[in-house]
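When you line the sequence shown up against my numbering, it's residues 47 to 265, in that order. First comes the structure, then the notes that go with it.
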Amino acid sequence: MGLRTHEPRTIIRIFRVNSSGASMKSASFILDRRLYELLQQEGSTSFTTRELRDAYAKRLDGTTFRVADVRRYVYEQIRRLLRIGWLELDEERRPRGQVYHLKPIPAHLQLQLIDKGFENSLKTASEPEPEPAELQVEAVPLESSASADQHLETLHKEIRLDFLCSMGEAERFKLLLEDMPHLRDKVEDEYLEARDRSSRLLGHLRAIEKTIKTLDSAR
């Protein structure tokens, strides 16, 4: 998901000191200012995607939006926070209503807070996305084949879990719409979003599996 880099931003540098007393090099991480403020609120240590989506939507005063777009955006931000270790999944895995827990901010992280992250994501939604394998290679420089294998296995597990959750969510919405057609106006967008997300995740999953297979055959 693209975030425009020319928007006004605030940089918050957070340094940790290692055992030798030297400060550790900071890593840059772009984060939506609205989302950051929500995470800093008291009582925001545990939440579901829906709860965070609803809280975020309340901050979009004067902005026209679709609930499905907000959910998609918030979900992508949650995945980013999981990857850097700022969030963690609850021990109980759920196909719907998954709970996330906020952890202490990662060490040596340099936050770059941006404004209008959601609005800018809508502007860039129509732009073609790089292939999943290309994204991962560029985003995470790897120093050895062992670290590459470990990274790919971790990605495979995460994406497979997301894929199964999205599939279950889409199936449940479909059953609800069949059983209660009068709910179509209220939940059809959610169903379509879950179905589209399942398709995207399946593509990511296949890309990771093909990459693993290619690396194995090259050895």
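For each residue, glycine too, the CB sits at the ideal point set by N, CA and C. These numbers come from a predicted model, not from an experiment.
- Taking the Cα positions, Thr95 is about 8 angstroms away from Ile124.
- For Leu229, no beta strand (DSSP E) segment is defined, and its DSSP state is neither H nor E.
- The C-alpha of Tyr121 lies about 12 angstroms from the C-alpha of Asp100.
- Asp78 carries a strand assignment under DSSP once its states are collapsed to helix, strand and coil.
- A straight-line Cα-Cα distance of about 36 angstroms links Ser193 and Glu217.
- For Glu134, the CB contacts under 8 angstroms within the same chain, skipping 5 residues up- and downstream, are Leu128, Tyr146, His147, Lys149 in chain order.
- Assignment of alpha helix (DSSP H) within the region 91-144, counting only whole runs of 4 or more residues, yields 95-103, 113-129 in chain order.
- CA-to-CA, the gap between Thr110 and Ser263 works out to about 50 angstroms.
- In the DSSP annotation of this structure, Gly89 is not part of any alpha helix (DSSP H), being labelled neither H nor E.
- Secondary structure note for Ile160: its beta strand (DSSP E) is the uninterrupted segment 155-160.
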